[in-house]
Amino acid sequence: MTKTLTGIPGLDAITRGGLPQGRATLVAGGAGSGKSILALQFLVNGARRYGEPGIFVAFEEQSRRIVSNAESFGWDLPSLERNGLFFLDAQPNPDLIQSGKVDLAGMLAVLEAKVKAMGARRVAFDAIDVVLALMDDPRSVRREVYRLHTWLADHGLTAIVTGKSAAGYNAVAGIELLDFLQFMVDCSVSLSHDLVDGISQRSLRVTKLRGSAFEENATPFVIGLAGLEIAAALDPAAGRARVTSERISSGVDRLDTMLGGGYYRGASVLLTGSPGTAKTTLCASFAEAACRRGEKTLLISFDSAAEELVRNMKSVGIELAEFVGSGMLAIKSAIASNNNAELHLMRIKELATMQGARCIVVDPLSALAKAGDHGVGHSVAERFIGWTKENGITSVCSSLLDRALPASEGTPLQVSTIADTWIHLDYLVQAGERNRGLSIMKSRGTAHSNQVRELLLDRKGVTLADVYTSDGAVLMGTLRWAKERTERLAGEAALAETDHRRQRVTLELTDLEARSVVVQGELVLKRAEAARLTAAAASVSDELVSAQIDLREKRHADDAEAGAGTAVHA
Amino acid sequence: MREHDVVFRLYLAGQLPNSQRALANLTAFCRRYLADRHRIEVVDVFECPERALADNVLLTPTLVVVTLLPPRTVVGDLSDAGVLLQVLDREIDRNEATTEFVPLP
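Read top to bottom, the protein sequences are chains A and B.
Residue numbers for the first sequence follow the numbering used here, so the first one is 555 and each next one is one higher.
Residue numbers for the second sequence follow the numbering used here, so the first one is 24 and each next one is one higher.
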């Protein structure tokens, strides 16, 4: 099926390419649901962007009023009316008297002349229910709907037909006015406008689209500065900015080191933590660093006014005032519950686009969860991150951790799964102190530190200190200081002890060496003495033998042999 | 045209049933109540769509009683006799009528 682009942000994605060409699309919704704006936007975009002139048939409001209502959207209808857009007032005269059956043949004849004259390709019938209510039996309604359908097809016109979904019951004819239309059209869209937790929430749902796949879920939308903007689901393949490996500073030197050089340009960074864990300070550090690099930065604060934030950050050495003055930094404070999440997102996008921001800080992003429906808040957070990525904008968002929430992902909006870098801040209450700890939960594509650091705030800004782990406990604050001191003292003592022992051993060695010289000397003496004695013994023995021999010879008494033996025994 | 003639302008869509029925009913009504003091101008919107647009006539059939002040507009095939009688109440003399007007359904 050939389709016609509507040019309405998000709608073409939901319908996978637009509305069925040469066919009718029914847009049904309650009063004030945005039907007329959608229909008019379809025609304006056709005339302005796609070279397809269009005719707006107004059954309910006078075209003058529609034109003036749409003035705020910047569509410049008066100039379009001279070229490419025609308004037909088809509002039945209130003084009109009816007698019997009527049909739309006359209107179609008038339109036909106009279509030919201006080469129209698009047409919108706004509030068709008003005219169908004049038909007094189901047959007539069916006949006129069929007449309209055939006429559109014959002329290859792509049409939007709007009708009120509620109060559309024709008591005379005994039918729902839009029923026949629902069956006739090739595409059907329903708009709703509800209050969710007291906050306005609009949504759009395609209920039928013949011959095509489409997004079947209800999708939130807003009526913004340029008409309808529908929160189309993210298309990961669509227009991503070039992925870079450029690193930019977080504003805290040691944090950059922990991250292996800083955040990636274009990444989304999530800072989570309980209240008071210095999330805002880290946000402001990043903003300050970005401004110093000369990058336009937008800071959205849901917590405090701009002046307050500047003053508070100044107390921890983060100077934002000069950048606010030079226009490098724009600080906008917002109140979460004033708008629904969609409107907040749209406003952020507008501000960022106007400013040309390269870095965006949202403090805290979790405020969106307060802005109406929780599910919508999540979807908005997801699309916000998607949008920053598409535009190569680096985003740092804080998020309050709410332990009361079902902690499936830890963060209220479950953005932790889509964020590239997730830094968690925590308190450690110990020894009567509350100290802040910082750890990197994840950081895609970077080898990051697994260490918990103690986050210190002073007048010079943020610093990160190593924490001590002792017997499985993490030490921070004065305990860390005490531990550091104890360890330093212990180190010094150990050093002194070692030195002392070294000296003692040296002394003992010297002693042993000296004693070893003495022993060597004695050894020499003893050896000499031993040798001397051996020699003396030998001479004594010789003398003795020769003396016996002399004696025997002198006696001549004993046998030489025996005498010798006795002598030895003696 | 005489001074007191009632002038009707009937916008119709060619040969479509509603339009043809309206023309028949109007003719019968006039014959009955305004026999010699009326005039019917027929505008076929298929032939003159610009005229219909200029006169802001979009539903067919549409009857405009031009001579009434202000002019009155009646849409439909005029199958409800009471409506025309009511609209032209001051213009007609019911006693003039010899037989009752019965519109085509």
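All residues carry an ideal CB built from backbone N, CA and C; glycine is no exception.
Computed from a predicted model, the values in this text were never measured in an experiment.
Sub-8 angstroms separation of residue i and residue j beta-carbons
| i | j | result |
| --- | --- | --- |
| ASP980 (chain A) | SER952 (chain A) | no |
| THR1032 (chain A) | ALA1001 (chain A) | no |
| LEU711 (chain A) | ALA674 (chain A) | yes |
| LEU992 (chain A) | ILE977 (chain A) | yes |
| LEU782 (chain A) | ILE568 (chain A) | no |
| ASP974 (chain A) | SER757 (chain A) | no |
| ALA884 (chain A) | LEU852 (chain A) | yes |
| ASP28 (chain B) | ARG62 (chain B) | yes |
| LEU597 (chain A) | LEU639 (chain A) | yes |
| VAL65 (chain B) | LEU46 (chain B) | yes |
| TYR1022 (chain A) | ARG1039 (chain A) | no |
| SER587 (chain A) | ILE753 (chain A) | no |
| VAL106 (chain B) | SER694 (chain A) | no |
| ILE609 (chain A) | LEU642 (chain A) | yes |
| LEU82 (chain B) | GLY881 (chain A) | no |
| LEU779 (chain A) | GLU904 (chain A) | yes |
| ILE902 (chain A) | GLY564 (chain A) | no |
| SER887 (chain A) | ALA860 (chain A) | yes |
| ARG990 (chain A) | ALA841 (chain A) | no |
| VAL544 (chain A) | LEU982 (chain A) | Outside the displayed span of chain A (555 to 1124) sits residue 544 (chain A), for which this structure offers no information. |
| SER719 (chain A) | GLY583 (chain A) | yes |
| MET812 (chain A) | ARG1007 (chain A) | yes |
| ASN894 (chain A) | GLN755 (chain A) | yes |
For residue j and residue i, the rounded distance between their alpha carbons
| i | j | result |
| --- | --- | --- |
| ALA727 (chain A) | ASP691 (chain A) | Confidence in ALA727 (chain A) is poor, its pLDDT being 48 and thus under 50, which makes the residue's placement unreliable; the coordinate value appears in the next sentence. Between ALA727 (chain A) and ASP691 (chain A), the C-alpha separation is close to 4 angstroms. |
| GLY99 (chain B) | VAL664 (chain A) | 18 angstroms |
| ALA1050 (chain A) | ALA1068 (chain A) | 27 angstroms |
| MET738 (chain A) | ARG801 (chain A) | 57 angstroms |
| GLU1107 (chain A) | VAL1099 (chain A) | 12 angstroms |
| ASP630 (chain A) | ASP680 (chain A) | 20 angstroms |
| THR1064 (chain A) | GLY815 (chain A) | 56 angstroms |
| ALA961 (chain A) | ILE939 (chain A) | No answer about ALA961 (chain A) holds up, because its pLDDT of 45 lies below 50 and its placement is not dependable. |
| LYS868 (chain A) | LEU874 (chain A) | 7 angstroms |
| ALA721 (chain A) | SER744 (chain A) | With a pLDDT of 46 at ALA721 (chain A), under the threshold of 50, the modelled position of this residue cannot be trusted, and the question is left open. |
| VAL88 (chain B) | ILE115 (chain B) | 13 angstroms |
| GLY571 (chain A) | LEU559 (chain A) | 6 angstroms |
| PRO829 (chain A) | ARG1056 (chain A) | 55 angstroms |
| LEU573 (chain A) | MET672 (chain A) | 22 angstroms |
| GLY37 (chain B) | ALA51 (chain B) | 19 angstroms |
| GLU1076 (chain A) | LEU1061 (chain A) | 23 angstroms |
| GLN109 (chain B) | ASP649 (chain A) | 14 angstroms |
| ARG696 (chain A) | HIS709 (chain A) | 20 angstroms |
| ALA1085 (chain A) | GLY1045 (chain A) | 59 angstroms |
| THR761 (chain A) | ASP748 (chain A) | 18 angstroms |
| LYS1080 (chain A) | ASP1104 (chain A) | 36 angstroms |
Proximity winner among the options, relative to residue i (alpha-carbon distances)
| i | options | result |
| --- | --- | --- |
| VAL677 (chain A) | A:GLY576, A:GLU1067, A:GLU862 | A:GLY576 |
| LEU39 (chain B) | A:ILE591, A:LYS655, A:VAL621 | A:LYS655 |
| ALA104 (chain B) | B:PHE31, B:VAL125, B:VAL87 | B:VAL125 |
| SER766 (chain A) | A:LEU905, A:SER742, A:LEU758 | A:SER742 |
| GLU849 (chain A) | A:PHE877, A:ALA785, A:ARG1055, A:VAL1073 | A:PHE877 |
| HIS898 (chain A) | A:LYS718, A:ALA911, A:ILE777 | A:ILE777 |
| LEU620 (chain A) | A:GLU606, A:GLY561, A:ALA644 | According to the sequence as given, residue 620 (chain A) is Ile; it is not Leu. Among A:GLU606, A:GLY561, A:ALA644, the Cα nearest to that of ILE620 (chain A) belongs to A:ALA644. |
| PHE856 (chain A) | A:THR761, A:SER622, A:LEU954 | A:LEU954 |
| SER799 (chain A) | A:ASP807, A:LEU809, A:GLY805, A:TYR817 | A:TYR817 |
| PHE31 (chain B) | B:ASN79, B:VAL97, B:LEU76, B:ARG44 | B:VAL97 |
For residue j and residue i, believed in contact at Cβ under 8 angstroms, the rounded distance
| i | j | result |
| --- | --- | --- |
| THR716 (chain A) | LYS557 (chain A) | Actually they do not touch by this definition, with Cβ atoms about 19 angstroms apart. |
| LEU836 (chain A) | VAL1016 (chain A) | 7 angstroms |
| THR131 (chain B) | TYR34 (chain B) | Not covered by the structure: residue 131 (chain B). The range shown for chain B is 24 to 128. |
| ALA713 (chain A) | ALA578 (chain A) | 4 angstroms |
| PRO72 (chain B) | GLU666 (chain A) | 7 angstroms |
| CYS913 (chain A) | ILE947 (chain A) | 7 angstroms |
| SER970 (chain A) | LEU824 (chain A) | 6 angstroms |
| VAL699 (chain A) | LEU662 (chain A) | VAL699 (chain A) to LEU662 (chain A), Cβ: 12 angstroms. No contact. |
DSSP beta-bridge partners of residue i
| i | result |
| --- | --- |
| ASP1020 (chain A) | A:ARG1007 |
| ASN989 (chain A) | A:LEU982 |
| TYR817 (chain A) | A:ILE802 |
| ALA582 (chain A) | A:GLY717, A:SER744 |
| GLY778 (chain A) | A:GLY781 |
| CYS951 (chain A) | A:LEU824, A:VAL916 |
| THR96 (chain B) | B:VAL87 |
| PRO574 (chain A) | A:LYS557 |
| ILE651 (chain A) | B:VAL97 |
| LYS886 (chain A) | A:ILE854 |
| ALA51 (chain B) | Its beta-bridge partners do not exist; DSSP assigns none. |
- Message: Give me the subset of the region 642-657 of chain A whose CB atoms are less than 8 angstroms from a CB atom of chain C, sorted by chain position.
- Response: Of the protein chains in the structure, A and B, none is chain C.
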